[in-house]
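*Asks:*
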Amino acid sequence: MLVAGLETPAPLEELWLNELSRRTQVVHLQVRGDLQNVRQAVALPDPAQEVNWVAARLVELARRGLPLHRLAVTAPAIDTYTPQLRRVLAELLGSPQSPDGWAYNFSRGPNLAEVPLFRAALLPLTFIAARERREDLVSLLLSPYYGEVQVSGGPPAQWDRAFRERRVDQDWNQLRQAVLRSRPPEAETAVIERLYRVWNSLQMSTAPAGQWGRLLKAAWQELGFPRGLGEADREPWNRLFALLPELETALGALGLTAGEFMQWLTIGAQRVLLPGPGIQAAGIQVLGLLEMRGLDFSHVFCLGMNSGTLPAPPRPLPLLSGGEKRLVLGGTHQSQHLFAAELFHNLLGAAPRLTLTRPRLVDQEEQVSTPMYLGEWSQAEMAVLTTPDPAWLRSPAIQAVFHAPEPPAFPGYSDPPLSFPLPGEISLSQVSTALKCPCRFLLENLLKIRELPEIEAGLDPRERGQLLHEVLARFTTDFKDILEADQAWDHSRARELLQEAALRALAPLSFDLLWQAEENRWLGEEGLLWEWLRLEQERYEAGWRWQGSEVAFQDLRGRDWPFSLRGRIDRLDYHPEQADLVVWDYKSGEIPKKNQVLEEVAEAQLPCYLLAVQQGRVTVNPAAAQVRAGFIGLKSPRSHHLKHQDFGAAPEKWREAAAAFAGKVTALGRRLAAGDFRPGPAPAPEKPHGGACQYCPYDLVCGFVPAPDLGDEL
84 MLVAGLETPA PLEELWLNEL SRRTQVVHLQ VRGDLQNVRQ AVALPDPAQE
134 VNWVAARLVE LARRGLPLHR LAVTAPAIDT YTPQLRRVLA ELLGSPQSPD
184 GWAYNFSRGP NLAEVPLFRA ALLPLTFIAA RERREDLVSL LLSPYYGEVQ
234 VSGGPPAQWD RAFRERRVDQ DWNQLRQAVL RSRPPEAETA VIERLYRVWN
284 SLQMSTAPAG QWGRLLKAAW QELGFPRGLG EADREPWNRL FALLPELETA
334 LGALGLTAGE FMQWLTIGAQ RVLLPGPGIQ AAGIQVLGLL EMRGLDFSHV
384 FCLGMNSGTL PAPPRPLPLL SGGEKRLVLG GTHQSQHLFA AELFHNLLGA
434 APRLTLTRPR LVDQEEQVST PMYLGEWSQA EMAVLTTPDP AWLRSPAIQA
484 VFHAPEPPAF PGYSDPPLSF PLPGEISLSQ VSTALKCPCR FLLENLLKIR
534 ELPEIEAGLD PRERGQLLHE VLARFTTDFK DILEADQAWD HSRARELLQE
584 AALRALAPLS FDLLWQAEEN RWLGEEGLLW EWLRLEQERY EAGWRWQGSE
634 VAFQDLRGRD WPFSLRGRID RLDYHPEQAD LVVWDYKSGE IPKKNQVLEE
684 VAEAQLPCYL LAVQQGRVTV NPAAAQVRAG FIGLKSPRSH HLKHQDFGAA
734 PEKWREAAAA FAGKVTALGR RLAAGDFRPG PAPAPEKPHG GACQYCPYDL
784 VCGFVPAPDL GDEL
């Protein structure tokens, strides 16, 4: 009797063979390769460079004319290398299949749990089990597999913006209300109703696996899953559909939550192996070390040859005793070492030329080589971007790095002038954006690209500032009429109106605990609004009068401006006895420095407001002898935050600032009219501050690179 390929028989198999040998001759045929077949053993810095190095050698051997099917790649822990091998081989060799044939083949495809269709199929259960999170709902809405959540041929992608803007991160009812407040068309209302039926059907505490499976299939049918099933998805879909009755049979009437059913389904899917994209008889073969037994190649590369991988640590087997573990293959260190030795001997016999590789570091921890090979290890590196191997020059990414660009139309910028018509009138906030960076003005205001808000802990400073502006504008408008009628400050009436304005503005946010705390900071004892009201009473008693709030202006023009400006002044105060007019801008954050406003003119609001008053775009009655400007700080009730800051500057200084602002807009207008929208952040980034780029959401789009810091190089 000839026994082939049974190098490590199980204990029962060993007993059977021993008993058989008493009755007839038993001959064991085993592969025992020659250690001289190891032609090279190379240690590389990390697994990524290891894969890059092996891929380069494969390309080199293929160029020499070695048939691809005579090449193989293996590893003791092949599953850890498979994702990166897929990416690297696709980058260097393209698709596995081409008109010329198969380039490479992975013996094992992914398991069912790893494919996109399976992850998409679980989204209805994920939404329920994870307590109705926004990100799970958005994933379902944007998934190409769900056909009945399409609106006008596409998914309702704007829903996520509505969720983010209203700071709703969880709970279906709140998510639904956030969309309904956005006044959706009938098509979106239909999608909401469809989702509502699905979520209601899945709202159960526990149910048997069979019932969960039927509910999940009903949800798929309601939501049009799977939409556009391609050939690559057909096998995963069939295997998933067949897995549900298997799970029902295995678990029976056991009550499960949605999360528990989903976990059991995932465990089952992990055990379903899908076929790989290639065929076993063509292309470079990528297969596990155990699969190498009995195969023959011309050249084999074996990765990951570190101790701890070959031999592997003993199998955990927590339910077995020490004596029982000794009877199980891989249950002890000795058993694993014997098994590793058998695998290594098979590997040595698989090809006359064998290259071993290993990473020196894994997860930043130093590694040692496998005890199966005690020869010398040479050192190598494969940094494909700094010193690319010739094989890697075929990579599109590497070619892009070394490709010389065309001469730029603008010095230091690769794009030609952009012929983009400017609007006849723009807002002050838009011109402020353009002064800080023309590229951001192009992206944000002309191309209408909007930043997608992030739901973060705490309050959005911009939303807080907007609500404060709204409260103060409403209060000053209402109380101004009372002051003019009574000619006296009624403090109790003022407090009543201010509280009413604040509560009305905060009412839509009353469900949010953070805004409840903010309401207390505004209206609690010694709250921000009460302290602000006290300062305003002092100014009233000193002779100041509110002339207007939220005063709009438009058609503001300057010399050679290609557009006019429009804006809105937060407040105008007038002192009748001194004929003094002050233009105020509310600041809920830090008040800018004096030199930023008057010298650098980096803050556009106040100079622009003054220009509007000077040109008569704002009605001032009676005429003022002198006009100044300033900020009203509203960051907190503290004295250094809550104040009227006019910097003590004379009216002449403010006129100079307004003229400087007009000159800046003139230069900006010439630049934009010439199509020059190059990134030009002002102030430019410099350590330790990011300048105008610090809070810009378009830094990955514009391509701006700050000038190098020569001080660091010195």
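Going by the working numbering, the first residue of the sequence shown is number 84, and it counts up by one from there.
All C-beta atoms, glycine included, are put in the ideal place defined by N, C-alpha and C.
(1) Report the option in Leu175, Leu529 and Thr415 whose CA atom is closest to the CA atom of Ala403.
(2) Is the beta carbon of Glu231 less than 8 Å from the beta carbon of Ala292?
(3) Mind listing, in chain order, the continuous alpha helix (DSSP H) runs of no fewer than 4 residues lying wholly within the region 598-681?
(4) Inspect the beta-carbon positions of Phe744 and Pro690 and report whether they are closer than 8 Å.
(5) Classify Phe503: buried if its beta carbon has 16 or more other beta carbons within 10 angstroms, exposed otherwise.
(6) Buried or exposed: Arg217, going by 16 or more other Cβ atoms within 10 Å of its Cβ?
(7) Pick from Arg622, Gln132 and Ser288: whose alpha carbon is nearest that of Pro659?
(8) What are the boundary residues of the beta strand (DSSP E) that includes Phe384?
(9) Ends of the alpha helix (DSSP H) at Ser104?
(10) Output the distance between the C-alpha atoms of Gly351 and Ala186, rounded to the nearest integer angstrom.
(11) Measuring straight from C-alpha to C-alpha, what distance separates Cys785 and Glu527?
(12) Kindly list the residues whose CB is nearer than 6 Å to the CB of Val156, restricted to its own chain and excluding five residues on each side of it in sequence; keep chain order.
(13) Restricting to Cα atoms, I'd like to know which of Leu410, Ser719, Leu725 and Leu694 is closest to Leu618.
(14) When we look at the beta-carbon of Phe594 and count the other beta-carbons within 10 Å, is it buried (16 or more) or exposed?
(15) Output needed for Phe422: all residues of its chain with C-beta closer than 8 Å, excluding positions within five of it in sequence on either side, in chain order.
(16) Between Leu581 and chain C, is there a C-beta pair that is closer than 8 Å?
(17) State the CB to CB distance for the pair Thr438 and Arg140, rounded to an integer number of angstroms; the pair is presumed to be in contact (CB under 8 Å).
(18) Please list the segments of the alpha helix (DSSP H) lying wholly inside the region 401-447, counting only runs of 4 or more residues, in order along the chain.
(19) With contact counted as at least three CB pairs below 8 Å, one residue from each stretch, are the region 417-432 and the region 371-378 in contact?
(20) Let's test the definition: count the other Cβ atoms within 10 Å of the Cβ of Gly313 and tell me whether it reaches 16, buried, or not, exposed.
(21) Taking a contact to mean a Cβ-Cβ separation below 8 Å, would you say Gly650 touches Ala695 in this structure?
(22) Of the choices Thr165, Ala584 and Trp242, whose alpha-carbon is the least far from that of Leu551?
(23) Excluding the 5 residues preceding and the 5 following Pro358 in the sequence, name in chain order all residues of the same chain whose CB lies nearer than 8 Å to its CB.
(24) Given 8 Å as the limit, is there contact between the region 734-748 and the region 704-711, that is, 3 or more CB pairs closer than that?
(25) Whole-angstrom Cβ separation of Ser802 and Thr560, contact assumed at under 8 Å?
(26) List the whole-angstrom C-beta distance separating Lys670 from Gly716, where the pair is believed to meet the contact cut-off of C-beta under 8 Å.
(27) So, with DSSP's three-state summary, where would you put His723?
(28) Verify the contact flag: Arg250, CB atom, against every heavy atom of the ligand FMN, threshold strictly below 7 Å.
(29) Any chance the region 518-537 sits against the region 698-706, with 3 or more Cβ pairs inside 8 Å?
(30) Tell me, to the nearest whole angstrom, how far the beta carbon of Ser190 is from that of Leu206; I am working on the premise that it is less than 8 Å.
(31) Give the straight-line distance between the Cα atoms of Leu410 and Val114, rounded to the nearest whole angstrom.
(32) Using a Cβ-Cβ cutoff of less than 6 Å, which residues in the same chain neighbour Ala767 once the five nearest sequence positions on both sides are dropped?
(33) DSSP puts Gln123 in a beta bridge; with which residues?
(34) Report, in whole angstroms, the separation of the C-beta atoms of Leu542 and Leu597, which I expect to be a contact under 8 Å.
(35) Have a look at Gly88 and Pro397 and give me their C-alpha separation to the nearest angstrom.
(36) Measure the CB-CB distance between Leu444 and Pro159 and report whether it falls below 8 Å.
*Replies:* With the structure as the only source:
(1) Before going further, note that residue 403 is Leu rather than Ala in the sequence given. When only C-alpha atoms are compared, the closest one is Thr415.
(2) no
(3) 611-624 and 677-681
(4) yes
(5) Under this definition Phe503 is an exposed residue.
(6) Arg217 should be labelled buried.
(7) Arg622
(8) His382 to Cys385
(9) Pro94 to Ser104
(10) Going by the C-alpha atoms only, they are around 32 Å apart.
(11) In a straight line, the C-alpha of Cys785 is about 12 Å away from that of Glu527.
(12) Val369 and Phe384
(13) Of the listed residues, the one whose Cα sits closest to Leu618 is Leu725.
(14) Flag for Phe594 reads exposed.
(15) Thr91, Pro394, Leu412 and Gly413
(16) Structure shown: chain C not included; a single protein chain is present.
(17) 7 Å
(18) Listed in chain order, they are 405-408 and 416-431.
(19) Result yes; three or more Cβ-Cβ pairs closer than 8 Å.
(20) exposed
(21) yes
(22) Ala584
(23) Same-chain partners within the cutoff: Gly192 and Glu318.
(24) yes
(25) Lying before the first or after the last residue shown, residue 802 is absent from the chain, which here runs from 84 to 797.
(26) 5 Å
(27) coil
(28) With respect to the ligand FMN, the structure offers nothing, as it holds no ligand at all.
(29) no
(30) Going by Cβ atoms, the distance from Ser190 to Leu206 rounds to 31 Å, so no, they are not a contact pair.
(31) 25 Å
(32) Leaving aside the five residues that flank Ala767 on each side, the residues in its chain whose CB is nearer than 6 Å to its CB run, in chain order, Gly774.
(33) Thr438
(34) 5 Å
(35) Cα atoms of Gly88 and Pro397: separation of roughly 23 Å, rounded to the nearest angstrom.
(36) No.
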